[in-house]
Amino acid sequence: MSFRMAYEHSDAVAAIASLAGANHMDQREAPENPVHILQIHGTNDETIGYQGGDIQDNRYPSALQSVRRWANYNGCSQNGVGRELRDLEASLPGHESGVLKFEVGCKPGGSAELWTIASGTHVPVLSDTFAAQVVEWLLAHPKDN
Numbered sequence: 000m001s002f003r004m005a006y007e008h009s010d011a012v013a014a015i016a017s018l019a020g021a022n023h024m025d026q027r028e029a030p031e032n033p034v035h036i037l038q039i040h041g042t043n044d045e046t047i048g049y050q051g052g053d054i055q056d057n058r059y060p061s062a063l064q065s066v067r068r069w070a071n072y073n074g075c076s077q078n079g080v081g082r083e084l085r086d087l088e089a090s091l092p093g094h095e096s097g098v099l100k101f102e103v104g105c106k107p108g109g110s111a112e113l114w115t116i117a118s119g120t121h122v123p124v125l126s127d128t129f130a131a132q133v134v135e136w137l138l139a140h141p142k143d144n
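Residue numbers (numbering that gives the first Met the number 0): 0 to 144.
Listed below in structure tokens is the structure:
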């Protein structure tokens, strides 16, 4: 739903964070305005598969395909850059989540990022710092006027 909100209301939405969500599968024109996109997804999600899948014959793209689509909408290079590891999942040891950023060449007001929770499920046990990390990311990506 957050991807749809970003797509349909790009004039008002600065950034979204989607946890284990799915994007549309069909090819569409880019939304009117860039939007910063953060997709957070576990590799062991059996509800909305990390590698994509379908629900009642309705196909959805993988987490990476979703983020790359938004990188394309936002005019970003399709070559994501791996960054730091984060601790997002309390029941998994250490900093288990990889960060892949698409922020080179983007239109002002747009970027795309994928936080992959290695071995994470559809409903992760969130770390004590999860909410703060997501809010910090959202606040760092305001609407470009």
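Heads up, the beta-carbon is just placed ideally off N, CA and C, and yes, glycines get one too.
DSSP places Ala14 outside any alpha helix (DSSP H); the residue lies instead in the beta strand (DSSP E), whose first and last residues are Ala14 to Leu18. Put simply, the backbone Cα of Asp44 is about 23 angstroms away from that of Val80. Within the stretch 75-136, the complete beta strand (DSSP E) segments of 3 residues or longer fall at 80-85, 96-101 and 110-116, listed in chain order.
Nearest neighbour of Asp10 by Cα position, chosen from Ser1, Pro30, Phe2 and Ala19, turns out to be Pro30. Within the same chain, and ignoring the five residues on either side of Ala5 in sequence, the residues whose Cβ sits closer than 6 angstroms to its Cβ are Val12, Ile15 and Val34.
Arg85 places its beta carbon less than 8 angstroms from that of Gln132.
With a cut-off of 8 angstroms on Cβ pairs, the stretch 49-66 is not in contact with the stretch 120-129, counting fewer than three such pairs. For Trp114 against Ser90, the beta-carbon gap comes to about 16 angstroms, at or over 8 angstroms, which does not count as contact. In the structure shown, the three-state DSSP call for Arg27 is coil. Taking each of Val103, Val98 and Gly20 in turn and checking the Cα distance to Arg58, the smallest one comes out for Gly20.
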